[in-house]
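Chemist: The sequence shown begins at 39 in the numbering used here and counts up one residue at a time.
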Amino acid sequence: MSSKPLVIGNWKMSLTYKQTGELAMGLKKGAQPFESSVGVIIAPSTPYLDTVGKLLKGSQIQLAAQNVFWQAEGAYTGEVSAPMLLDLKCQYAIIGHSERRKYLRETDGMVHKKVGHALEHNMIPIICIGETFEQRQEGIKDLIVMKQLQNALNGIVPAENARVIIAYEPIWAVGTGQACDPNEAKETIQVLRHALIDMYQKHIAKNNFITIYGGSIDDTSIANYIDNEIIEGVLVGGASTKLDSYLGMIKAVAT
Ligand code: PGA
């Protein structure tokens, strides 16, 4: 359970170094009045994490990585570990995003190992789960998302004070401008919440897991999704890469 609604911005590979710095600085200033009621987490491109972390000093905005590997160190060319991210004060890691599953062939098994590694090092994983349009048409959406959730966690028990964020991101809604209907998103997240209750003791399912939605959210739609109970936040791509719309989303859910 999250105490504040989370607005997590995934900047993907969309911004240059200069644009990243400018957006981070704009957010630092613009989000400041809302920090007590909204949790803002940003995931810039990996090479910019260090700079952004330094720019954000004095702000409550937190850093997320767009990926993390499952080993702490060694001969793994191109990969980044949880201890390396923690060195940069980056406490969150997006794991199993549909773009990585698609372009990098990331499997449920890899997602599972990454989640285990992140939790072992006290990072907060943001696990992305979602069905394709065809799977939805076939009527197997619930089955698919439950399976992904089970495979990602598969015996992992979060420590008492650990947090795990589950992001329901229907693949057909990511980057398409075609968001999932808020009621349907809530129903599917309820399915995931019930699956968590089947997998864990009730207090763990309730207290250690945060459930959020992602897929074509913007400042005009965000308020229809967040209810602080089933949908406790959003993971946003496109609309988080522009200062006006990112601030608009924060304002829309601030209390
Ligand atoms: P979008 O991306 O907001 O551009 O649909 C969401 C995501 O990739 O998490």
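Every residue gets a Cβ at the ideal spot worked out from N, C-alpha and C, and that includes glycine.
(1) Straight-line CA distance for His-135 to Ile-162?
(2) Using the three-state DSSP reduction, which class does Val-295 fall into: helix, strand or coil?
(3) Say the cut is 7 Å; is the CB of Gly-59 nearer than that to a heavy atom of the ligand PGA?
(4) Heavy atom of the ligand PGA less than 7 Å from the Cβ of Ser-283, yes or no?
(5) Using CA coordinates, which residue listed in Leu-191, Cys-166, Asp-180 is at the minimum distance from Leu-26?
(6) For the region 75 to 148, list the alpha helix (DSSP H) runs that are entirely contained and at least 4 residues long, ordered along the chain.
(7) Within the continuous beta strand (DSSP E) that includes Phe-171, where are the two ends?
(8) Enumerated in chain order, which unbroken segments of the alpha helix (DSSP H) with a length of 4 residues or greater are wholly contained in the region 178 to 249?
(9) Starting from the C-beta of Asp-88, find all residues in its chain whose C-beta is less than 7 Å away, skip the five residues before and the five after it, and write them out in chain order.
(10) Where does Thr-226 land, buried or exposed, given buried means 16+ other C-beta within 10 angstroms?
(11) If you drop the 5 nearest sequence neighbours on each side, which residues of the same chain put their C-beta closer than 6 Å to that of Ala-223?
Modeler: With the structure as the only source:
(1) If you number the sequence shown from 1, residue 135 lands on position 97. If you number the sequence shown from 1, residue 162 lands on position 124. Rounded to whole angstroms, His-135 to Ile-162 spans 15 Å at the Cα level.
(2) Because the chain spans 39 through 293 in this model, residue 295 falls outside it and cannot be assessed.
(3) Indexing the sequence shown from 1 puts residue 59 at position 21. Gly-59 Cβ: outside cutoff for every heavy atom of the ligand PGA.
(4) Counted from its first residue, the sequence shown places residue 283 at position 245. When distances are taken from the beta-carbon of Ser-283 to the heavy atoms of the ligand PGA, even the shortest one reaches 7 Å or more.
(5) Residue 26 lies beyond the residue range present for the chain, which begins at 39 and ends at 293; the question has no answer from this structure.
(6) Within the region 75 to 148, complete alpha helix (DSSP H) segments of at least 4 residues are found at 87 to 93, 120 to 125, 136 to 141, given in chain order.
(7) For the purposes of this step, residue 171 is taken as the residue at position 133 of the sequence shown. That residue, Phe-171, is in no beta strand (DSSP E); its alpha helix (DSSP H) goes 171 to 176.
(8) Inside the region 178 to 249, DSSP marks whole alpha helix (DSSP H) runs of 4 or more residues at positions 179 to 191, 220 to 237, 240 to 245, from first to last along the chain.
(9) Your numbering for residue 88 matches position 50 in the sequence shown. Non-local C-beta neighbours of Asp-88 in its own chain, meaning closer than 7 Å and more than five positions away in sequence, comprise Leu-126, ordered along the chain.
(10) Counting from one through the sequence shown, the residue named residue 226 turns up at place 188. Thr-226 comes out buried.
(11) What you label residue 223 is simply residue 185 of the sequence shown in a count that begins at 1. Here the set comprises Tyr-251.
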